[in-house]
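The structure under discussion appears below in the form of structure tokens.
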Amino acid sequence: MIISCILPQIAYICTPYNINNMAENRNALPDNAQRELQPGEEYKPLLGAEKQWAEVTPYSVAIGLLMVIIFSAAAAYLGLRVGQVFEAAIPIAIIAVGLTSALGKKEGLGQNVIIQSIGGCSGAVVAGAIFTLPAIYILGVEVNFMQMFLSSLLGGVLGILFLIPFRKYFVKEMHGKYPFPEATATTQILVSGEGGGKGAGTLLVSGVIGGLYDFVVSTFGAWADTVSTTVVGIGQTIADKAKVLLKINTGAAVLGLGYIVGLKYAFIICCGSFLVWLVIIPLMNVIWGGQVIDLMHTGITTTIAEMSPDQIFRTYARHIGIGGIATAGIIGIIKSFGVVKSAVGLAVGEFSRKGGDKAAVERTQEDIPMKTIVFGIVIALLAVFAFFAFGGVVNNVWQAIVGLLIVAIISFLFTTVAANAIAIVGTNPVSGMTLMTLIIAALILVAVGLKGNAGMAAALVIGGVVCTALSVAGSFITDLKIGYWIGTTPKKQETWKFVGVAVAAATVCGVMLVLNKTYGFVGDDALVAPQANAMAAVIQPMMNGGGAPWLLYGIGAVLAIILTAFKIPALAFALGMFIPIDLNLPLLVGGAISWYVSTRSKDSALNEARLNKGTLIASGFIAGGALMGVVSALLKFFNVDWFLSSWNADFGEAIALIPFIAIIIYMTISSLKAKAE
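The numbering of the sequence shown is this note's numbering, which starts it at 41 and goes up by one.
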């Protein structure tokens, strides 16, 4: 239904009538949009700073809030029901383009950015909420709507407030140094839809190809979505005996993501995966294969030798990545101390500056005043304290202060980690950071006398606030980068983001309450809620005398420090250790294609044209995969059983490389056909 409504509208954009009736041709970003600027060079966005464009209008706000409600409900429903959480930003961008074009809106580009920015609150708040809050029900602890709502709302507000002072650093000062894969794909959709022409045509064709490709895999099971070395007999033997296993996801969307990430970061990320899957996991089997190691006292009874490589990764090795991510984030905060210092200095300067002393700031760099941000943070933290102290979260004021400090310190420290991760690979390691938060919160709360059910509920609510803050911060940096490229006003994006978060929090929490009463989160036919179940499994033993895998966290921390000393991006490497290898290897393939098509010619203009066309194709793959992922999840929810399970089990993995190689060839050849303008 979604596809049938939207794809014709995108095709409509590409018609000659619409191309000829554009006041300005804004169908491509400037050629310096995704590369580092030369000394003295300046990036000029599509919507120039010298003019006031239509951005926040009754239309853009109404559609944006409608998108928040629809996609918050859908994402929460599907995420808890079928265990899949989809990213809403790209589908919302496509819908915005289609609606604006169909309704003949003038100056639609700026309005579409606002629609996407407001609507994008849905996926961010959903991820923050469903990772933690359902675990309260799973553990048998009661929680009311207001507690859930305030946890999501206050977390989202803190995420926005903590990120705004770093906007200029990530989106302007680091221009061209980070790939911003999701922001790139979304921007291409918005820009190509506005301008029409070849860009929109390429995006449409690749979107259809990528969407249909991923759809026949996820819905029909025509071939496997993952190919591993166990497809051959000797590979299975090696996996069983030596615990050596390699896997690659064959999805078009992940391949497109790798193209935009680029070879450099994709290679570093995969090095982290190779260390875990080819060295650490086999080494653990050699050293401790016959032992049962229960670092968190969760009741593990299986020896490492009896576990599969996947089980070893989930139970042990992944925690090394969590330690690496946390340490790399702290190192990044220390290294960017100058940014923090300048933000604080700006705040102090604004407080001391008189009203008439304000220097003019161009529209495209205008943020919410720092004075307002500081007051907002203070008010939000006071609200968090009041929520903890008087909202039934903890038992006394002292414990509320402790909870407040946990939220404030961790949210602030990890905000830049979330933004960095999104900027590099387009994936926010929010589950790993939330797990670390829960462990820290549990240890501290136990130390101040909060245990049992009350302690578990408090830790999960605190974790929910932090998780939502980090999720929203990571999502928002994407929105701000899109706005920077296109030329919207940051202050308007920032202001309306608060409204979007409030609506998303109310929608998500309402859906969770209804789903809990209808299906429940425990027992037969209960909702899956995999992330929340994992969080519950961690928090319960810790509140009853269990521990944390500090040894594994420590190994990850040491690795991050060593990598930093050798000037290797530690966060990208740690992400590789944390994210499953089957999602990292296609990044390397996509990055290799990007490098190949952009280096074949001695003509730099031709290389640039080929790279840009490949970016459009990659963006189409991501957009098509995201849309069809929603459709596939809906079909699964409504038990439309088109899945060829017997065929997939017998032949799916064996033939999966054939179509995967086919789309690699398509992306490469199509990119090489580009011509320099």
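Glycine residues also receive a C-beta, built at the ideal position from the N, C-alpha and C atoms. Every value quoted in this text rests on a predicted model; they were computed, and no experiment measured them.
inquiry  = Taking the beta carbon of residue 243 as the centre, do at least 16 other beta carbons fall within 10 Å, making it buried, or is it exposed?
reply    = So residue 243 counts as buried.
key: Test item: CB-CB of residue 255 and residue 668 under 8 Å   = yes
request  = Give the secondary structure of residue 375 by DSSP, where H, G and I count as helix, E and B as strand, and everything else as coil.
outcome  = Collapsing the DSSP output to three states places residue 375 in a helix.
request  = May I have the straight-line CA-CA distance separating residue 71 from residue 554, to the nearest angstrom?
outcome  = 49 Å
inquiry  = The alpha helix (DSSP H) that contains residue 638, what's its start and end?
reply    = Residue 638 -> no alpha helix (DSSP H), and no H or E assigned at all.
task = Could you check if residue 65 is buried or exposed, using at least 16 other CB atoms within 10 Å of its CB as the buried criterion?
result = Since pLDDT at residue 65 reaches only 43, below the 50 mark, its modelled position is unreliable, and the value read off the structure follows with that caveat. Answer is exposed; the Cβ neighbour count stays below 16.
Beta-carbon contacts of residue 614 that lie in its chain and below 7 Å, excluding the five residues immediately before and after = 312, 361, 364, 365, 368, 596 and 600
query = Between the segment 296-307 and the segment 265-274, do three or more beta carbon pairs fall short of 8 Å?
reply = no
Identified DSSP bridge partners for residue 268 = 287
query = Under the rule that 16 or more other beta-carbon atoms within 10 Å means buried, what is residue 63, buried or exposed?
reply = Confidence at residue 63 is low in this model, with a pLDDT of 35, below 50, so the placement of that residue should be treated as unreliable; the coordinate-derived value is given next. Exposed, since its Cβ has fewer than 16 Cβ neighbours within 10 Å.
key: Short CB-CB distance (under 8 Å) between residue 459 and chain C   = No chain C is present in this structure, which holds just one protein chain.
message = Check this for me: beta carbons of residue 664 and residue 73, under 8 Å apart or not?
response = It is not a contact, given that the beta carbons lie outside the stated cut-off.
task = Going by CA-CA distance only, name the one from 607, 698, 651 and 277 that's closest to residue 714.
result = 651
message = Can you list, in chain order, the residues of its chain with a C-beta nearer than 7 Å to that of residue 212? Leave out the 5 residues immediately preceding and following it.
response = 524
request  = Determine the direct distance from the alpha carbon of residue 324 to that of residue 345, and round the result to whole angstroms.
outcome  = Going from the Cα of residue 345 to the Cα of residue 324 covers about 9 Å.
query = Buried or exposed: residue 50, going by 16 or more other Cβ atoms within 10 Å of its Cβ?
reply = Model confidence at residue 50 stands at a pLDDT of 37, short of 50, so the residue's coordinates are unreliable; what they give is reported in the following sentence. The residue is buried, with at least 16 neighbouring Cβ atoms inside 10 Å.
inquiry  = Going by DSSP in three states, residue 530 sits in which element: helix, strand or coil?
reply    = For residue 530, the three-state secondary structure derived from DSSP is helix.
request  = Under 7 Å Cβ to Cβ from residue 434, same chain only, skipping five residues before and after it: list those, please.
outcome  = 428, 440, 443, 490 and 498
task = Label residue 626 either buried or exposed according to how many other C-beta atoms from any shown protein chain fall within 10 Å of its C-beta, with 16 as the threshold for buried.
result = buried
request  = Could you tell me which uninterrupted alpha helix (DSSP H) segments, each at least 4 residues in length, are contained entirely in the segment 439-465, listed from first to last along the chain?
outcome  = none
request  = Please name the residue, chosen from 593, 412 and 639, that lies closest to residue 205 on a Cα-to-Cα basis.
outcome  = 412
key: Supposed close pair residue 520, residue 503 - CB separation, criterion 8 Å   = 26 Å between Cβ atoms; not a contact.
message = Please report the straight-line C-alpha distance between residue 349 and residue 463, rounded to a whole angstrom.
response = 30 Å
query = Hey, quick one: how far does the alpha helix (DSSP H) through residue 604 stretch, first residue to last?
reply = 590-605
query = Since residue 162 is in the alpha helix (DSSP H), which residue starts that stretch and which ends it?
reply = 161-170
query = Using a Cβ-Cβ cut-off of 8 Å (strictly less than) and excluding sequence neighbours within five positions of residue 189, which residues of its own chain qualify?
reply = 545, 546 and 549
key: Outcome for residue 156 when other beta-carbon atoms lying within 10 angstroms are tallied against a minimum of 16   = Residue 156 is buried by the Cβ-count criterion.
ask   = Which same chain residues, not among the five before or five after residue 248, have their C-beta less than 7 Å away from its C-beta?
value = 664
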